[in-house]
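Residues in the sequence shown are numbered from 25 upward in steps of one, following this note's numbering.
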Amino acid sequence: MRKSLKLSLILFVLSILYLQGCSRDELTGPGTVIITARGVYVLSEGNGTSSSVALSYYNITDSSFTQNILSQNVGSYPDGLIASGNDLYMTAQGNFGSAGKIYKLDQTGNVQASNDVGTNPYSLTEASGKLYVTNGPASNVSVVDKSTLNTTNTIPVGSYPQEIITYGTKVYVCNTSAFGGSDDSTVSVIDSQNDVVVAVINVQKDPSALALSNDGKLLIGCPGTNKYIYKVDPNSYAKLDSFLIPDGCYRDISVDKTSDNIYFIAGSFPSFRVLRLNLSTRALTEIMSVGNNYYGLVFDSVTGDLFVSIVPDFTNNGKLRVLSGGIATDYTTGVAPRRLLIK
Numbered sequence: 025m026r027k028s029l030k031l032s033l034i035l036f037v038l039s040i041l042y043l044q045g046c047s048r049d050e051l052t053g054p055g056t057v058i059i060t061a062r063g064v065y066v067l068s069e070g071n072g073t074s075s076s077v078a079l080s081y082y083n084i085t086d087s088s089f090t091q092n093i094l095s096q097n098v099g100s101y102p103d104g105l106i107a108s109g110n111d112l113y114m115t116a117q118g119n120f121g122s123a124g125k126i127y128k129l130d131q132t133g134n135v136q137a138s139n140d141v142g143t144n145p146y147s148l149t150e151a152s153g154k155l156y157v158t159n160g161p162a163s164n165v166s167v168v169d170k171s172t173l174n175t176t177n178t179i180p181v182g183s184y185p186q187e188i189i190t191y192g193t194k195v196y197v198c199n200t201s202a203f204g205g206s207d208d209s210t211v212s213v214i215d216s217q218n219d220v221v222v223a224v225i226n227v228q229k230d231p232s233a234l235a236l237s238n239d240g241k242l243l244i245g246c247p248g249t250n251k252y253i254y255k256v257d258p259n260s261y262a263k264l265d266s267f268l269i270p271d272g273c274y275r276d277i278s279v280d281k282t283s284d285n286i287y288f289i290a291g292s293f294p295s296f297r298v299l300r301l302n303l304s305t306r307a308l309t310e311i312m313s314v315g316n317n318y319y320g321l322v323f324d325s326v327t328g329d330l331f332v333s334i335v336p337d338f339t340n341n342g343k344l345r346v347l348s349g350g351i352a353t354d355y356t357t358g359v360a361p362r363r364l365l366i367k
């Protein structure tokens, strides 16, 4: 939320124009969505009001779209979303400096359970049958029981942890520096079998994106002038390679499982773009040019489609852009669509 609120103050004044393309606004409501074998969930963090939050669903089979499938209002500024079996787990940050919420949902958006968690919980992952949730202002990670949603442990990490990912029994946490406070350039490594930090990986300032490459290595993206994506051995924590990104890796590395390509959002406000990097040839290709605030991204390795969320400002509804076969189609989401999940 630290970065979201900072951007919102700017974007409230300066709206960014959309790229030209097709637009489809299919606004069926909660309870009418048909969940298929594969689809894309789009979590919009909203602008602080419950009506601006949405969990949208894009049906990959027939390209139908539901703007909001949530069965009830949830907490403000939801940003974390993962799938576990037939369930979804979602975190909402709430008011700055306060406890947030964690939710268990079914695939159709029905809220099954909820509980308080952490301080402004941002992102989450699953390891060893437990949930791990980053708490930016508290500089720690909450360990949550999947069944009860009770917090069972709290693990101190670096400054303002945000993105988080699992590999085996290890949990990797991006420490992104406190707004107006301590700088950080590390990724904390947690052993989920005993819930302690076992290593710290040093990269560039404010690591902002995590992914796993097809050869089982950890990819760590750093934004702005820090300019690099690092390839790291997840066991020895050694840096194996680094890739220079001229305008930095801003967020959301998504790996194509059928090639050596990865996709991510590059740049800084107001000049964001979407890039593709081939990890073998090191070729860097622009997929979406400057002109929109690209806020979230995921690549579908099965269809070859790219899904990107766009935020015109932090007051009005955003867009999901689907790039398929070179044709872009837009769908209306909630305010500030942040997290994209293929399931």
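Note that the Cβ used here is the ideal one computed from N, Cα and C, for glycine as well.
Residue burial classification, Ala116 (beta-carbon count within 10 angstroms, cutoff 16): buried
Cβ neighbour criterion (16 or more within 10 Å) applied to Ser304: exposed
Alpha carbon of Thr327 to alpha carbon of Asn302, nearest angstrom: 18 Å
Within 8 Å, strictly: CB atoms of Ser216 and Asn199: no
Residues that DSSP places opposite Val222 in a beta bridge: The partner list for Val222 (beta bridge, DSSP) is empty, contrary to what the question assumes.
Gly248 (DSSP reduced to helix, strand or coil): helix
Under the three-state DSSP convention, the category Ser166 falls into: strand
The beta strand (DSSP E) enclosing Pro231, as first and last residue numbers: Element bounds for Pro231: n/a, residue is neither H nor E.
Phe288 versus Tyr127, Asn177, Asp276, Asp280, residue with shortest Cα-Cα distance: Asp276
Boundaries (first-last residue) of the beta strand (DSSP E) holding Lys263: 263-268
Per DSSP, cross-strand counterpart(s) of Leu173: BP columns for Leu173 are empty, so no partner.
Beta-carbon contacts of Ser295 that lie in its chain and below 6 Å, excluding the five residues immediately before and after: Val314
Backbone CA spacing between Asp239 and Thr339 [nearest angstrom]: 41 Å
One or two residues paired with Leu94 in a DSSP bridge: Leu94 pairs with nothing; no bridge assigned.
Close beta carbons around Pro102, own chain, < 7 Å, minus the five adjacent residues each side: Leu67, Glu69, Val77, Met114, Thr115, Ala116
Integer-rounded CB distance, given that Tyr82 should sit under 8 Å from Val346: 7 Å
N- and C-terminal bounds of the beta strand (DSSP E) containing Tyr101: Counting along the chain, Tyr101 falls outside any beta strand (DSSP E), and DSSP gives it neither H nor E.
Chain-order list of residues whose beta-carbon lies under 6 Å from that of Ser74 (same chain, five-residue window excluded): Asn97
Nearest residue (CA-CA) to Phe203, options Lys229, Leu308, Val224, Thr178: Lys229
Tyr318 versus Phe331: straight-line alpha-carbon distance, rounded: 11 Å
Own chain partners of Ile84 with C-beta closer than 6 Å, once the 5 adjacent residues on each side are dropped: Arg62, Gly63
Nonlocal neighbours in the same chain, by C-beta distance under 7 Å from Asn164, ignoring five residues either side: Thr178, Ile179, Pro180, Val181
Straight-line gap, Gly350 to Val211 (C-alpha atoms, nearest Å): 36 Å
Residue of Ser108, Ile366, Leu79 minimising C-alpha distance to Asn375: No statement about residue 375 is possible, as the shown extent of the chain runs from 25 to 367 and does not include it.
Residue range of the unbroken beta strand (DSSP E) whose run includes Pro145: 145-151
Nearest-angstrom Cα separation, counted from Lys255 out to Ser237: 8 Å
Cut-off 8 Å between Cβ atoms - residues of its own chain near Thr190, not counting five sequence neighbours on either side: Thr149, Glu150, Ala151, Tyr156, Tyr196, Ser216
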